[in-house]
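See structure below.
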Amino acid sequence: MPYSLDKAKLISNLETKYGVSADKATPWQLHNAIGEQVTELIAPSWNKSTKAHLSSRRAMYLSMEFLMGRAVYNNLLCLGLLGNADTLLKDLGADINSLEEIEDAALGNGGLGRLAACFLDSAATLDLPLDGYGIRYKYGLFRQSFVNGWQCEAADNWSQFGDPWSVRREQESVVVEYGGGVFVRAVPYDMPIIGYGTNHIGTLRLWQAEGTSGFDFAKFDRGDYLGATASDREAENISAVLYPNDNSYEGRLLRLKQEVFFSTASVKDAIRHHLNAGRDLRDFHKYHAIQLNDTHPVLAIPALIDELTRVYNLDFDAAFDIAKRTFNYTNHTIMPEALEKWDSTMLIDVVPRLFKVLVQLNERFISEMYAKDFTKAHIENMKLISNSNTVAHMARTAVYAGGAVNGVAEIHTEILKASVLKDWYSLDPEKFQNKTNGITPRRWLALCNPELSALFTELLGSGDWVRDTDKLKPLAKYADDMSVIDKFVRIKEIRKQKLADYIEKREGVKIAPSFIFDVQVKRLHEYKRQLLNAFSILYIAYGIKSGEIKDFQPTAFIFGAKAAPAYTRAKTIIKYINEIAKFIKSDPQLRDLIKVLFVQNYNVSYAEYLVSGADVSEQISTAGTEASGTGNMKFMQNGTVTLGTYDGANIEIVREAGEENNYIFGAKVEDIEKFGPNYDPRKIILDDSKIEKVLLSLIDGTLSDDGSGNFRELYYSLLEGASWHKADNYYLLYDLRSYVDAKLQLNRDFVGDKRGFYKKCWLNAVNAGFFSSDRTIKDYAENIWRIKAEASRFTKF
Ligand code: 26W
Numbered sequence: 003m004p005y006s007l008d009k010a011k012l013i014s015n016l017e018t019k020y021g022v023s024a025d026k027a028t029p030w031q032l033h034n035a036i037g038e039q040v041t042e043l044i045a046p047s048w049n050k051s052t053k054a055h056l057s058s059r060r061a062m063y064l065s066m067e068f069l070m071g072r073a074v075y076n077n078l079l080c081l082g083l084l085g086n087a088d089t090l091l092k093d094l095g096a097d098i099n100s101l102e103e104i105e106d107a108a109l110g111n112g113g114l115g116r117l118a119a120c121f122l123d124s125a126a127t128l129d130l131p132l133d134g135y136g137i138r139y140k141y142g143l144f145r146q147s148f149v150n151g152w153q154c155e156a157a158d159n160w161s162q163f164g165d166p167w168s169v170r171r172e173q174e175s176v177v178v179e180y181g182g183g184v185f186v187r188a189v190p191y192d193m194p195i196i197g198y199g200t201n202h203i204g205t206l207r208l209w210q211a212e213g214t215s216g217f218d219f220a221k222f223d224r225g226d227y228l229g230a231t232a233s234d235r236e237a238e239n240i241s242a243v244l245y246p247n248d249n250s251y252e253g254r255l256l257r258l259k260q261e262v263f264f265s266t267a268s269v270k271d272a273i274r275h276h277l278n279a280g281r282d283l284r285d286f287h288k289y290h291a292i293q294l295n296d297t298h299p300v301l302a303i304p305a306l307i308d309e310l311t312r313v314y315n316l317d318f319d320a321a322f323d324i325a326k327r328t329f330n331y332t333n334h335t336i337m338p339e340a341l342e343k344w345d346s347t348m349l350i351d352v353v354p355r356l357f358k359v360l361v362q363l364n365e366r367f368i369s370e371m372y373a374k375d376f377t378k379a380h381i382e383n384m385k386l387i388s389n390s391n392t393v394a395h396m397a398r399t400a401v402y403a404g405g406a407v408n409g410v411a412e413i414h415t416e417i418l419k420a421s422v423l424k425d426w427y428s429l430d431p432e433k434f435q436n437k438t439n440g441i442t443p444r445r446w447l448a449l450c451n452p453e454l455s456a457l458f459t460e461l462l463g464s465g466d467w468v469r470d471t472d473k474l475k476p477l478a479k480y481a482d483d484m485s486v487i488d489k490f491v492r493i494k495e496i497r498k499q500k501l502a503d504y505i506e507k508r509e510g511v512k513i514a515p516s517f518i519f520d521v522q523v524k525r526l527h528e529y530k531r532q533l534l535n536a537f538s539i540l541y542i543a544y545g546i547k548s549g550e551i552k553d554f555q556p557t558a559f560i561f562g563a564k565a566a567p568a569y570t571r572a573k574t575i576i577k578y579i580n581e582i583a584k585f586i587k588s589d590p591q592l593r594d595l596i597k598v599l600f601v602q603n604y605n606v607s608y609a610e611y612l613v614s615g616a617d618v619s620e621q622i623s624t625a626g627t628e629a630s631g632t633g634n635m636k637f638m639q640n641g642t643v644t645l646g647t648y649d650g651a652n653i654e655i656v657r658e659a660g661e662e663n664n665y666i667f668g669a670k671v672e673d674i675e676k677f678g679p680n681y682d683p684r685k686i687i688l689d690d691s692k693i694e695k696v697l698l699s700l701i702d703g704t705l706s707d708d709g710s711g712n713f714r715e716l717y718y719s720l721l722e723g724a725s726w727h728k729a730d731n732y733y734l735l736y737d738l739r740s741y742v743d744a745k746l747q748l749n750r751d752f753v754g755d756k757r758g759f760y761k762k763c764w765l766n767a768v769n770a771g772f773f774s775s776d777r778t779i780k781d782y783a784e785n786i787w788r789i790k791a792e793a794s795r796f797t798k799f
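Note that our numbering gives residue 710 to position 708 of the sequence shown, counting from 1, and the numbers run on in steps of one.
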């Protein structure tokens, strides 16, 4: 073992720095002391890795969000120090589990941010030179609680008690210039990204915004004490808070400033490193591949061109050529409301120079299109700045001025090519690639499910599957070995008990592990259809009460989701589900058969318990709406069946694990396309009084929205639509019957043959290897970034 923790040093650090003995230290003090020691331990490897990155061709992952979660356990795991830390803390009268109180670094909303975190983990583990670049928000995603069933938000001051994993690198600060002569300092905080079983360590560089003026003595002398530091606070606002928004874009000034801030700082950072290494800027693209995580960092493109032309005197053609060979763009959603566009007026105010570059790019694009005999109308639909030069399109800019474009699951990439980016695909089909998402097996199996991990290691005689999940596939042969399946069932029971204990501690609710644990966790959004799940539960509850549904295996339906604070309908759905929970709990005939629970403040750490303690993974988005999903992969890897639609990566999941081992239902994309304007949800309730009854719960007084009228609004949005959408635009009522059928089939399968059910689960777990983010990252490295693993430079352990 190359690393070990030093007990004496930990004791003396706690005493000198925090003034406590180890047995009296608070979780935060312990955490900081451990973090500081680990950071010191890895410093030589980290420095060496950083040098290696900067001396080779490397990739930069630019992302507005990095949903890292809690670092301490994962870092100890990757360094092989988890057992060491456990015993050492026990010796000291402390408990490693007390570190569960440490807040997650929730600098992201959901899938896109967590994907970025998994990618960094994989690249570090694979010895690939990739570094992350983002924003060090002071406040991460809000903390959620429920009051009377309604979501309440509170600020998430995640680093309030310190952040031992980040190193502030003052001397590497850069200055970002905005219009009107406003300057903001970008100060980098670097987090080590520790590879598993290798001493290669990548970097996540998060920029913090600070003022450049310092202290205005003139104002201070005049007695304007607040004014003396006002411009600093204005600058600090830029990195103050993460936008709590998933899949909807609002053209807000602060958001634009944030995007400019980290995009420009990151580009400047790259140029500086490039020049420091004594290289020619004309070779910039030979040393850098920059991945744009959705459109949020797209202004890095004009920022690079602006620097190269204005500061370093390259001509526009040369700079544009470098940009095309440097940048690549990943799309993460086809929701039209999420495609970013900026008003020209705003761009002119905030970043006049970048706007000028966008105009030049646009003109170049238009003349190229005319040269290809495109019609005026066609060009109008593709222009980078449209509507008489008033609206700048970020996705179009990324496709035009970058290299590769990719979707995040096969079906998603096909939809991009066939509709969202159709014109661009026919213009340049070579640009388009698919990169099906993945998840890191370190956090999402080795760390969160040590019991299943130990069984895999025992059966394979080695733990090297953690770095190569394809090794799990041969374990499929144990599906008919009842001794193995029984061990697996026992592990499920242990994980379900752990989840139940955690839930009891957090929510004060008891759930028996004999229940089926059916879990839907993800951001709250209408297209993800948590409401469909709610309807199915009520449908089943009414069926049990009427006697139509018999022998129902008791099931806990567990939800976890945050709703964007301004997304009223999403908040109403949370309230509705909490009301269903209350209704069922108050019914003696139902409460021993069904438990509904919406957990509070769902985050990465909660997810680690939920994915490892579930039996059923709910992935029920309307076909064609979920780009990929990654939660689906985490559940699968931990051995659940997927109850889901033909959407996103679900399609590839059932391809890998067998449709017969999962529960797939509902309309496919082709079916939905065929409905067109003919879809009328009212016909469905006319035909089916049971569905009608479920729907009426929104307005018949069964469930209360506290007189807000929100349930009624929801009801009419389904049956009649609203000013901005047609009736039931996510086809809940269409899919409800087949969904309930699948859910009841699953329930009968469990009752009839529990082992058979867990055999399906086993086949999911062992066939999940494809969904390791190691596979995804290798594909990006080979086919987009063209970077190489430098394995020989790093020690393996
Ligand atoms: C500007 C507001 C905004 C913020 C975030 C718009 C859009 C986003 C993201 C694109 C939303 C997102 O997280 N998308 C998810 O990305 C995951 C990783 O690729 C996919 O697995 C999910 O299906 C997709 O919804």
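We put the CB at the ideal spot given by N, CA and C, even for glycine.
According to DSSP, valine 184 shares a beta bridge with Tyr180. By the neighbour-count definition (other C-beta atoms within 10 Å, threshold 16), asparagine 49 is an exposed residue. Unbroken beta strand (DSSP E) stretches of 3 residues or longer found wholly inside the stretch 580-655: 596-601, 618-621 and 643-646, given in chain order. The beta carbon of tyrosine 251 sits closer than 7 Å to at least one heavy atom of the ligand 26W.
About 5 Å separates the CB atoms of phenylalanine 519 and aspartate 617; that is less than 8 Å, so the two are in contact. Following the DSSP letters along the chain, one finds serine 775 inside the alpha helix (DSSP H) bounded by residues 775-782.
By the 16-neighbour rule on beta-carbons within 10 angstroms, arginine 312 is exposed.
Secondary structure at threonine 214: coil, using DSSP grouped into helix, strand and coil.
In this structure, the alpha-carbon of lysine 670 lies about 15 Å from that of lysine 530.
Excluding its 5 nearest sequence neighbours in each direction, lysine 385 has C-beta neighbours in its own chain below 8 Å: Asn364, Phe367, Ile368, His395 and Arg398, listed in chain order.
With a contact defined as Cβ atoms closer than 8 Å, valine 186 and tyrosine 180 qualify at about 7 Å.
Taking each of Leu447, Asp25, Thr459 and Leu688 in turn and checking the Cα distance to serine 775, the smallest one comes out for Leu447. Taking 7 Å as the cut-off, the C-beta of aspartate 296 counts as close to a heavy atom of the ligand 26W. In terms of side-chain proximity, the C-beta atom of threonine 632 is found nearer than 7 Å to a non-hydrogen atom of the ligand 26W. In terms of Cβ geometry, leucine 294 and leucine 64 form a close pair [threshold 8 Å]. Rounded to the nearest angstrom, the gap between the Cα atoms of glycine 650 and valine 656 is 11 Å. Per DSSP, aspartate 488 has no beta bridge partner at all. Taking tyrosine 20 as the centre and dropping the five residues before and after it, the same chain places the C-beta of Gln31 closer than 6 Å to its C-beta, in chain order. The beta carbons of alanine 96 and alanine 10 sit no closer together than 8 Å. Judged by DSSP in its simplified three-state form, aspartate 88 adopts helix. Here leucine 255 has no same chain residue with a Cβ atom under 6 Å from its own Cβ, once five neighbours each way along the sequence are excluded. According to DSSP, aspartate 192 shares a beta bridge with Val169 and Arg207. Ranking Gly85, Ala565 and Ala220 by CA distance to the CA of glutamine 153 puts Ala565 first. If you check the CB distance, phenylalanine 144 and aspartate 158 come in under 8 Å. Fully contained in the stretch 217-270 are the following alpha helix (DSSP H) runs of length 4 or more, in chain order: 219-223 and 232-238. For aspartate 345, the enclosing beta strand (DSSP E) starts and ends at 343-345. By the C-beta criterion, the stretch 317-328 is judged not to be in contact with the stretch 238-257, since fewer than 3 inter-stretch pairs fall below 8 Å. Comparing alpha-carbon positions, the option among Glu528, Ile576, Glu661 and Leu114 lying closest to glycine 440 turns out to be Leu114.
A heavy atom of the ligand 26W is found nearer than 7 Å to the CB of histidine 334. The continuous stretches of beta strand (DSSP E) do not include methionine 337, and DSSP gives it neither H nor E.
By a beta-carbon distance limit of 8 Å, glutamate 658 does not contact glycine 151. Their separation comes to about 39 Å. Residue state for leucine 69 is assigned as strand, using DSSP reduced to three classes. At a Cβ-Cβ threshold of 8 Å, serine 623 and threonine 647 count as neighbours. The nearest non-hydrogen atom of the ligand 26W is 7 Å or more from the C-beta of valine 300. Per DSSP, the continuous beta strand (DSSP E) segment holding arginine 60 begins and ends at 60-64.
Secondary structure note for asparagine 535: its alpha helix (DSSP H) is the uninterrupted segment 532-548.
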